[in-house]
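Enquirer:
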Amino acid sequence: MFKEIYKYREMIYTMVRKDLRGRYKGSVLGFLWTFINPLLQLVVYYFVFSMILGNNIPKFYLYLFVGLIPWIFFSASLTGGSISIIAQKDLIKKIYFPREIIPISYVTSCFVNMLLSFVVVIAVVIFSGVMPSILGIICLPAIMLVEYLLCLGMALITSALTVYFRDLEHILGIVSMAWMYATPICYPASLVVEKLPERFVFLYNLNPMTPIVEAYRAVLYEGGIPRMETLLSATALGAVFLIIGIFVFRKLNRNFAEEL
Amino acid sequence: MPENEEQFAIRVKNVSKGFKIYYDKGASLKERLLFRGRDKYHERVVLKDISLDIKRGEVIGLIGHNGCGKSTLLKLMTKILYPDSGEIEVNGRVSSLLELGAGFHPDMSGRENIYTNASIFGLSKKEIDRRLDAIISFSELEEFIDNPVRTYSSGMYMRLAFSVAINVDADVLLIDEILAVGDTNFQAKCFNKLQEIKSNGTTIVIVSHSLNQIESICNRSIWIHDGGIKADGFPNDVHMDYLTFMSKLRQIKSREIEEESNAAKAEIAARKAAKEAKELARLEEERRREAARKRWGSRECSITNIYAGDLQGNDNRVIRVGDPIKFRIDYRVDIPIKDAVFGIGIFRADGMYVYGTNTRIENFKKFDLEKDGSFTIVLERYNMLPGKYIVGFSIEYGDGIPVDYWKTACEIETYSEVSDVGSVRLDHTWEFSQDGIEQ
Chain C
1 MFKEIYKYRE MIYTMVRKDL RGRYKGSVLG FLWTFINPLL QLVVYYFVFS
51 MILGNNIPKF YLYLFVGLIP WIFFSASLTG GSISIIAQKD LIKKIYFPRE
101 IIPISYVTSC FVNMLLSFVV VIAVVIFSGV MPSILGIICL PAIMLVEYLL
151 CLGMALITSA LTVYFRDLEH ILGIVSMAWM YATPICYPAS LVVEKLPERF
201 VFLYNLNPMT PIVEAYRAVL YEGGIPRMET LLSATALGAV FLIIGIFVFR
251 KLNRNFAEEL
Chain W
1001 MPENEEQFAI RVKNVSKGFK IYYDKGASLK ERLLFRGRDK YHERVVLKDI
1051 SLDIKRGEVI GLIGHNGCGK STLLKLMTKI LYPDSGEIEV NGRVSSLLEL
1101 GAGFHPDMSG RENIYTNASI FGLSKKEIDR RLDAIISFSE LEEFIDNPVR
1151 TYSSGMYMRL AFSVAINVDA DVLLIDEILA VGDTNFQAKC FNKLQEIKSN
1201 GTTIVIVSHS LNQIESICNR SIWIHDGGIK ADGFPNDVHM DYLTFMSKLR
1251 QIKSREIEEE SNAAKAEIAA RKAAKEAKEL ARLEEERRRE AARKRWGSRE
1301 CSITNIYAGD LQGNDNRVIR VGDPIKFRID YRVDIPIKDA VFGIGIFRAD
1351 GMYVYGTNTR IENFKKFDLE KDGSFTIVLE RYNMLPGKYI VGFSIEYGDG
1401 IPVDYWKTAC EIETYSEVSD VGSVRLDHTW EFSQDGIEQ
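Sequence lines, in order, name chains C and W.
The first sequence begins at 1 in the working numbering and counts up by one.
The second sequence begins at 1001 in the working numbering and counts up by one.
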């Protein structure tokens, strides 16, 4: 399977390119939206969680932003990924290629988008005066890779399931929102440990995005390096989701052409 | 034995495939939960236990009426669909021309779309680079190749798409009813390209309703009927078999409709089923007999006698290469028919189709046959080199359905005093000069 996907690498490349070019087609600001959109989201969350609710986290805008950008990547993979197969149904019904190509291309294009947003993230980090350590910077690609694998796993699962069960597309919108609040993006994880009963904390820690967001934050907000156990649990959870994703997709993809 | 396996391009082993036809399918959660009873479906079996081996380099035509399962079989070969049981093995790179222009983006240029489209066939950047010039020149779109595809006419669009698909250099090429691309000029070009691909040893499988297309390119034709293989062999034989069967089937059906309006409804239902089974069995029997004799048709009229010989009227079936030959075909009319077409077909003993024509191709008016008669055709110079030739004659309806298509009606042999070689003598003259080359 991997060999075949490798053979079709040019298809991934052209699909990613097509997706990135087509995404903001016709809009006045065009590609600038890649940067403007997360910045506007930042403003909204900052307004609610800092001005209205209030908290005493220093440089809250940076704290928020460093978690928000990776989250947008994840949530796009989850919700957008779910309809990626359906969106390409003409292709699937008419021509053979390894079906995995579609979610892979979609997640990759979201990933490229995140990398572009990181230009803004780096600018904000420099503006805030935080000085990331060299070792931390070296860790960054590894964290991104782990997140990529996790997102790919999620997209494989949701894209295949949505073919058989279209409601998932709408359900995932709400799941994605809830998931965001279940991830320490707008608040520190320590708050959850304080306020929730113990057995919920266990569930909370199963969230694969928690260690990933914390790892980003360790590098870009605290200017240090992620803790070993954070990295390990992120990698383990990412791998588990990817394996489940591959398995589910393999199982379901044989009947795509008939179901679509 | 691996070597033995390798000589097959496609092996289909006991493959069955059915589709679930939902009467009223609920795709959403609410419908699934509330109306579980509605999720009823019946399974329509499209292919029943089909087995079929296609050797490397064979060019196969799949024929059959609509819904017989031929397109499904093609889709199984491309792995768009998977069989319910059985196995399909395809060796080598597959290119399918089921969908032309897959993944084309209207805002991208022709050149960029070549990359997109070719990448879907699994080509790498390097492989596409190498083919780019060939693709562009085949499409004849050199001037427009950097314009966005949305500015193309639909003919240009199809030309570009076809050029990509056909330049993939597949080992196995699967084609579904698409040789109707662009203007006649481009069609001819596509056809020649297919001939070229064929001569390179590529295995080709074509689904088409155009029996003529299949006859001119395929060396084997497979007739799929009700999910099974009904006949498999030399295209022309299979096609005549097919056409005759279909026209007889139509007659049975129309007779039934007539009867239905005469008799009481309840009574006929049972009688009809029994009768249909009997008629079908008889038809099948007749079909086999005809196929064995290579003579097909509905036989309202029959060929009764064939004269072959020189222009003076001496019966002679052994002739010298280059001499004229005259055929006179007598026929009997049992039931008058309208719009008949007379035809001739000549085959070499090894099955090569030497020549065929008929009065429709040559734009004669159609004939209404009311009483017995004959037709004559003279070949002014029979230039086929020495060998045995089988000459067939046909009376058909205007739409190609055979009335009496007798493929092995007569046999002629040719001899020659000159031992030139090849298959056909081309009329020629020589000129010699030793004056040196004039400047």
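Just so it is clear, CB atoms sit at the ideal spot from N, CA and C, and this is done for glycine as well.
If you're wondering where the values come from, they're calculated on a predicted model, not measured in any experiment.
#1: Is it true that the region 1317 to 1332 of chain W meets the region 1379 to 1389 of chain W, where meeting means three or more beta-carbon pairs spaced less than 8 Å apart?
#2: Going along the chain, which unbroken runs of the alpha helix (DSSP H) with 4 or more residues stay wholly within the region 1151 to 1215 of chain W?
#3: Kindly indicate which three-state DSSP category Ile-185 of chain C falls into: helix, strand or coil?
#4: Short of 9 Å Cβ to Cβ, which residues in the region 9 to 22 of chain C face chain W?
#5: What's the gap between the Cα of Leu-68 of chain C and the Cα of Lys-1126 of chain W?
#6: Give me, in chain order, the residues of the same chain whose beta-carbon lies closer than 8 Å to that of Gly-1351 of chain W; leave out the 5 immediate sequence neighbours on both sides.
#7: For the region 1184 to 1205 of chain W, enumerate the residues whose C-beta is nearer than 7 Å to any C-beta of chain C, in chain order.
#8: Determine the chain W residues that contact Phe-97 of chain C at a beta-carbon separation under 7 Å, and present them in chain order.
#9: So with CB distances below 7 Å, who are the chain C contacts of Gly-1103 of chain W?
#10: Select from C:Arg-199, C:Glu-194 and C:Thr-235 the residue whose C-alpha is nearest the C-alpha of Pro-262 of chain C.
#11: Exposed or buried, what is Ile-52 of chain C when buried is set at 16 or more other beta-carbons lying within 10 Å of its beta-carbon?
#12: On the premise that Pro-208 of chain C lies in contact with Leu-261 of chain C, defined as a C-beta separation below 8 Å, what is that separation, rounded to the nearest angstrom?
#13: Is it right to say Gln-88 of chain C is buried, meaning 16 or more other beta carbons lie within 10 angstroms of its own, or is it exposed?
#14: Taking 9 Å as the CB-CB limit, is Asn-113 of chain C close to chain W?
#15: Starting from Ala-1231 of chain W, follow the beta strand (DSSP E) in both directions and report where the run begins and ends.
#16: Can you pull the DSSP bridge partners for Met-51 of chain C?
#17: Could you name the residues of the region 1071 to 1082 of chain W whose beta carbon sits closer than 7 Å to any beta carbon of chain C, in the order they occur along the chain?
#18: When we look at the beta-carbon of Gly-30 of chain C and count the other beta-carbons within 10 Å, is it buried (16 or more) or exposed?
#19: What is the DSSP secondary structure of Thr-34 of chain C, reduced to helix, strand or coil?
#20: Going by CA-CA distance only, name the one from C:Thr-108, C:Val-120 and C:Leu-91 that's closest to Asn-37 of chain C.
#21: Using alpha carbons as the reference points, say which of W:Asn-1185, W:His-1209, W:Val-1207 and W:Asn-1219 lies closest to Ser-1199 of chain W.
#22: Tell me the DSSP bridge mates of Trp-1406 of chain W?
#23: For Leu-168 of chain C and Gly-81 of chain C, I'd like the C-alpha separation in whole angstroms.
#24: Grab the span of the alpha helix (DSSP H) containing Cys-263 of chain C for me, first residue to last.
#25: Check for me: the beta strand (DSSP E) holding Thr-1357 of chain W runs from which residue to which?
#26: Leu-1076 of chain W and Ile-1088 of chain W - do their beta-carbons sit closer together than 9 Å?
#27: When DSSP builds the beta bridges, which residues end up paired with His-1225 of chain W?
#28: Give me the chain C residues within the contact set of Glu-1099 of chain W, using Cβ-Cβ distance strictly less than 7 Å, ordered along the chain.
#29: Quick check on this structure: which residue in C:Gly-153, C:Thr-14 and C:Val-124 has the alpha carbon closest to the alpha carbon of Leu-64 of chain C?
#30: Which residues, taken in chain order from the region 191 to 223 of chain C, show a beta carbon closer than 9 Å to some beta carbon of chain W?
#31: Report whether the distance from the Cβ of Gly-1322 of chain W to the nearest heavy atom of the ligand GDP is below 8 Å.
#32: Thinking just about the alpha-carbon of each residue, which of W:Leu-1426, W:Ser-1433, W:Thr-1072 and W:Phe-1019 is nearest to the one in Ile-1224 of chain W?
#33: If you measure between the beta carbons of Phe-249 of chain C and Ile-171 of chain C, is that distance less than 9 Å?
#34: I need the straight-line Cα distance from Pro-1002 of chain W to Ile-1222 of chain W, nearest angstrom please.
Expert: With the structure as the only source:
#1: Yes: at least three Cβ pairs fall under 8 Å.
#2: Fully enclosed alpha helix (DSSP H) runs of 4 or longer: 1154 to 1166 and 1184 to 1199.
#3: coil
#4: The region 9 to 22 of chain C vs chain W, Cβ under 9 Å: Arg-9, Glu-10, Met-11, Ile-12, Tyr-13, Thr-14, Met-15, Arg-17, Lys-18, Arg-21 and Gly-22.
#5: 39 Å
#6: Within the same chain, Gly-1351 of chain W has close Cβ partners Phe-1234.
#7: Listed by position, the residues of the region 1184 to 1205 of chain W near chain C (Cβ gap below 7 Å) amount to none.
#8: Ile-1120 and Gly-1122
#9: The contacting residues are Leu-91.
#10: The requested residue 262 of chain C does not occur in the structure, where chain C is confined to residues 1 to 260.
#11: The Cβ neighbour count for Ile-52 of chain C, taken over all protein chains shown within 10 Å, is under 16; the residue is labelled exposed.
#12: For residue 261 of chain C there is no data in the structure shown, the boundaries of chain C being 1 and 260.
#13: buried
#14: It does not: the Cβ of Asn-113 of chain C has no partner Cβ on chain W nearer than 9 Å.
#15: 1228 to 1233
#16: Answer is none; Met-51 of chain C lacks a bridge partner.
#17: Thr-1078, Lys-1079, Ile-1080, Leu-1081 and Tyr-1082
#18: exposed
#19: helix
#20: When only C-alpha atoms are compared, the closest one is C:Val-120.
#21: W:Asn-1219
#22: W:Arg-1295 and W:Phe-1393
#23: 11 Å
#24: The requested residue 263 of chain C does not occur in the structure, where chain C is confined to residues 1 to 260.
#25: 1353 to 1358
#26: yes
#27: W:Gly-1228
#28: What Glu-1099 of chain W touches in chain C: Lys-94 and Ile-95.
#29: From the listed residues C:Gly-153, C:Thr-14 and C:Val-124, the smallest Cα separation to Leu-64 of chain C is found for C:Val-124.
#30: Taking 9 Å as the Cβ-Cβ cut-off against chain W, none of the residues of the region 191 to 223 of chain C qualify.
#31: This structure lacks the ligand GDP, and indeed carries no ligand of any kind.
#32: W:Thr-1072
#33: no
#34: Any answer about Pro-1002 of chain W is weak, because its pLDDT of 44 lies below 50 and its placement is not dependable; what the coordinates show is given next. Rounded to the nearest angstrom, the two C-alpha atoms are 27 Å apart.
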